[in-house]
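For reference, the structure is listed below as structure tokens.
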Amino acid sequence: MDEKNLTISIAHLYPKLLNLYGDLGNIITLTKRCKWRGINVEFEQINIGDAIKNHDLYFIGGGQDKQQEEVADELYSQKSELLAQRDDGAVFLGICGGYQLFGHYYQPHDKDKLKGISLMDAYTVAGKKRFIGNVTVKTDFLNPQTLVGFENHSGLTYLQGETKPLGKSIVGNGNNGVDGLEGGRFMNVFGTYLHGSLLPKNPHFADFLIELALEKHYGEKIKLSSLDDKIEIDTHNSLIGKPY
Ligand code: GLN
Numbered sequence: 271m272d273e274k275n276l277t278i279s280i281a282h283l284y285p286k287l288l289n290l291y292g293d294l295g296n297i298i299t300l301t302k303r304c305k306w307r308g309i310n311v312e313f314e315q316i317n318i319g320d321a322i323k324n325h326d327l328y329f330i331g332g333g334q335d336k337q338q339e340e341v342a343d344e345l346y347s348q349k350s351e352l353l354a355q356r357d358d359g360a361v362f363l364g365i366c367g368g369y370q371l372f373g374h375y376y377q378p379h380d381k382d383k384l385k386g387i388s389l390m391d392a393y394t395v396a397g398k399k400r401f402i403g404n405v406t407v408k409t410d411f412l413n414p415q416t417l418v419g420f421e422n423h424s425g426l427t428y429l430q431g432e433t434k435p436l437g438k439s440i441v442g443n444g445n446n447g448v449d450g451l452e453g454g455r456f457m458n459v460f461g462t463y464l465h466g467s468l469l470p471k472n473p474h475f476a477d478f479l480i481e482l483a484l485e486k487h488y489g490e491k492i493k494l495s496s497l498d499d500k501i502e503i504d505t506h507n508s509l510i511g512k513p514y
């Protein structure tokens, strides 16, 4: 199937609250990389009070504990819809605070536990130390294998059951600074601590997610054409292995 004039629908969840360190750049990258190929994007912003409808790809950014509190109950109220979307092959990308809410719960410092939507079998507890700095992740499913970004979190995330990491944090702390893992992946749900924003300097991951979203929409694998990613890949390569 030719990519021209295909369509995918993308929802940006709670951008007015969870959009730390330019996480909006992930939405810009996804939509631009579709439009440059002639793929139509049906885009919807979901804010507090909005019902979450069917989409091929859902994105949620990071935020301070306070903003997470404002979003958690709202997200949880639509948990069954989102779990059904996951089981139907929808793609999810959550960054940091959004990633933490993809698990069963996030326990902040001396506050009530925030319920997650259990899109992946994981949980997060606030740690004593804030992890701040560049991160390089080595994956086993991307080409190139690396992901680069920036972390700033006190939450420590632990993966369980069938949930796999995005990869090993070869620079930086990743999920919890102990098990050497970064991010989480279950079915087409992806979470990571990498801000930056992530996708502009990891175009291969952006295209990987777009191809999954196209497969969700059309029920068959569709290989995207290549774009001239020299600037993006040079930027990516310049950050590999750099702690600051
Ligand atoms: N508030 C969460 C933490 O500190 C998430 C922070 C973020 O999204 N950068 O771990």
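Numbering (the numbering used here), first residue to last: 271 to 514. Cβ coordinates follow ideal geometry from the N, Cα and C atoms, glycine included.
- In the three-state reduction of the DSSP assignment, GLY367 falls in the helix class, which pools H, G and I.
- In this structure ASN275 is exposed. Its beta-carbon is surrounded by fewer than 16 other beta-carbon atoms within 10 angstroms.
- Put simply, of VAL405, PHE329 and GLU314 the residue whose alpha carbon is nearest the alpha carbon of GLY442 is VAL405.
- Burial is judged here by how many other beta carbons sit within 10 angstroms of a residue's own beta carbon; THR277 has fewer than 16 and is exposed.
- Under the three-state reduction of DSSP, PHE456 is assigned to strand.
- Less than 9 Å separates the beta-carbon of GLY437 from that of GLY453.
- Along the length of the stretch 319-358, whole beta strand (DSSP E) runs at least 3 residues long occupy 327-330, reported in chain order.
- Within its own chain, the residues whose Cβ lies closer than 7 Å to the Cβ of LEU345, once the five positions on either side in sequence are excluded, are LEU371 and ILE387, listed in chain order.
- Per DSSP, GLU314 is one residue of the beta strand (DSSP E) stretching across 310-316.
- Between the alpha carbons of VAL341 and PRO285 lies a distance of about 10 Å.
- The count of Cβ pairs closer than 8 Å, one atom from the stretch 491-503 and one from the stretch 364-378, stays below three, leaving the stretches out of contact.
- In the three-state reduction of the DSSP assignment, GLU490 falls in the coil class, being assigned neither a helical nor a strand state.
- Cβ neighbours of GLN315 within its own chain (closer than 7 Å, five residues either side excluded): HIS282 and PRO285.
- In the DSSP assignment, SER508 falls outside any beta strand (DSSP E) and within the unbroken alpha helix (DSSP H) covering 500-509.
- Checking the 8 Å criterion, the Cβ of GLY403 is out of range of every heavy atom belonging to the ligand GLN.
- Listed as beta-bridge partners of GLY425 by DSSP are ALA396.
- In this model, SER279 and ALA360 are separated by some 10 Å (Cα to Cα).
- With respect to the 9 Å criterion, VAL418 and HIS474 are not classified as neighbours on the basis of their beta carbons.
- Under the three-state reduction of DSSP output, LYS286 falls in the coil class, being neither helix nor strand.
- Sequence-distant partners of GLU351 (beyond 5 residues in either direction) whose C-beta falls short of 7 Å from its own C-beta, in its chain, are ILE322.
- Judged by DSSP in its simplified three-state form, GLY461 adopts strand.
- When DSSP states are grouped into helix, strand and coil, ALA281 belongs to the strand group.
- Collapsing the DSSP output to three states places LYS438 in a strand.
- Bounds of the alpha helix (DSSP H) holding LYS305 are 294-305.
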